[in-house]
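> Sharing a structure, written as structure tokens. Questions coming.
Numbering (my numbering), first residue to last: 16 to 407.
Below, the structure is given as structure tokens:
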């Protein structure tokens with residue numbers, strides 16, 4: 016189940032001709048209410064795409080009626096023309112929704128784009144605007160409609176990514192995501208739309224989203240590259256009558272975010288190994304995140320895992336580049352259950368380490384009680400090949 020799993024939402028996806036492949040590339044998710052509360056987090060990259068600039072302003076009041084998303088072009092660094100394209104996208108969608116019986120302002124429409132930076136010319140604009148009315152007309156509440164919407168935002172993804180959870184009270188949270196490259200936190204790290212029919216007011220919605228993304232999408236760091244377009248949106252229709260326990264809602268939302276994050280992780284471009292790096296015994300959670308992220312971004316470490324070489328020295332060396340509190344003589348490293356390093360020296364025989372698709376690395380700093388995990392991928396020939404030819 017996807018964005019159409021909760022009550023009060025419809026969706027669609029179709030082909031507008033933005034991608035040479037001829038696959039779906041234009042997506043729409045509509046919140047039919049009664050509530051139109053929204054929370055969103057955006058890339059912290061200072062070089063932001065036109066849809067991010069528009070959506071940041073549009074979502075600032077905590078209200079949104081729909082999200083339009085396209086693949087096949089980022090509409091980033093396309094100048095005033097590109098920002099006008101985003102504005103026209105919102106206006107045209109609002110007009111189509113109003114004509115269909117839902118009075119909507121352009122400022123109630125959020126816009127997301129993904130693809131190559133610099134793509135967003137006249138042909139791009141014409142293709143999107145001409146297909147928005149039929150896209151609105153095609154929206155439905157079915158599982159298939161949600162799947163179409165998820166497929167239409169794929170770029171180098173090999174599969175559409177969807178997830179949902181139902182609470183004990185009966186309300187539902189459902190979402191879709193895209194992303195296979197440029198996965199580094201910022202926040203966010205991809206395009207994600209999550210919906211719920213729970214009655215949650217906007218401040219609580221925003222707080223829950225930030226808490227959930229902090230421990231999910233923000234911990235995915237496959238290649239250390241931050242996109243210009245990344246957006247995570249959470250909409251509430253309030254269409255379910257169940258009473259909402261805020262703690263349970265945040266927990267379920269975190270589950271959905273983690274589910275989508277792990278789907279993004281295993282679909283990372285060119286990856287042969289899905290790596291989880293856990294730092295424990297840290298003086299603070301921030302220290303644990305910093306250490307894990309530092310190792311996750313080490314090309315030497317990532318290359319070693321690609322070669323299935325349990326080179327713990329590359330882990331220890333990377334820990335030493337951080338500002339975390341630790342004793343350099345007291346670091347332990349365990350790879351796939353084998354403690355290859357104890358007190359910053361050799362311990363069990365590295366030959367005992369066996370490798371499969373999933374790789375678990377545990378670093379113990381012996382400096383406190385906090386723990387954090389960052390997920391990454393190995394550095395492979397396939398990743399280099401795919402990204403060396405991405406735009407050609």
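By construction, the Cβ of each residue, glycine as well, lies at the ideal position given by its N, Cα and C atoms.
Which one of 300, 170, 390 and 263 has the shortest CA to CA distance from residue 181?
The option with the nearest alpha carbon to residue 181 is 263.
> Using the beta-carbon count (16 or more within 10 Å), is residue 111 buried or exposed?
Buried is the call here.
> Which one or two residues does DSSP pair with residue 181 in a beta bridge?
According to DSSP, which records beta bridges pairwise, residue 181 is partnered with 187.
> Along the alpha helix (DSSP H) that carries residue 239, what are the first and last residues, could you check?
No alpha helix (DSSP H) holds residue 239; DSSP gives it neither H nor E.
> Count Cβ pairs between the region 249-258 and the region 365-385 that sit closer than 8 Å; are there 3 or more?
No, the region 249-258 does not touch the region 365-385.
> Only counting the same chain, and skipping five residues up and downstream in sequence, which positions put a Cβ closer than 6 Å to that of residue 161?
Contacts found: 17, 18, 19 and 26.
> Give me the Cα-Cα distance between residue 228 and residue 385, rounded to the nearest whole angstrom.
Going from the Cα of residue 228 to the Cα of residue 385 covers about 19 Å.
> Once the 5 residues before and after residue 98 are set aside, which same chain residues still bring their CB inside 8 Å of it?
Cβ within range, chain order: 65, 68 and 69.
> Sort 349, 146, 44 and 138 by Cα distance to residue 90 and report the nearest one.
Cα-wise, what sits closest to residue 90 is 138.
> Relative to the C-alpha of residue 211, which residue among 231, 188 and 226 is closest?
When only C-alpha atoms are compared, the closest one is 188.
> I'd like to confirm the pairing. Which residues does DSSP put opposite residue 357 in its beta bridges?
BP columns for residue 357 point to 360.
> On a Cα-Cα basis, can you pick out the residue from 275, 159, 113 and 285 that is closest to residue 399?
Comparing Cα-Cα distances from residue 399 to each of 275, 159, 113 and 285, the minimum goes to 285.
> Cα-Cα, which of 179, 40, 144 and 61 is closest to residue 266?
It is 179 whose Cα lies nearest to the Cα of residue 266.
> In its own chain, which residues sit with a C-beta less than 6 Å from the C-beta of residue 119, not counting the 5 before and 5 after it?
Correct list, in chain order: 80, 109, 112 and 113.
> Whole angstroms are fine: how far does the CA of residue 273 sit from the CA of residue 33?
Near 30 Å, if we compare the C-alpha coordinates of residue 273 and residue 33.
> Can you tell which of 214, 22 and 362 has its C-alpha closest to the C-alpha of residue 46?
The candidate whose alpha carbon is nearest that of residue 46 is 22.
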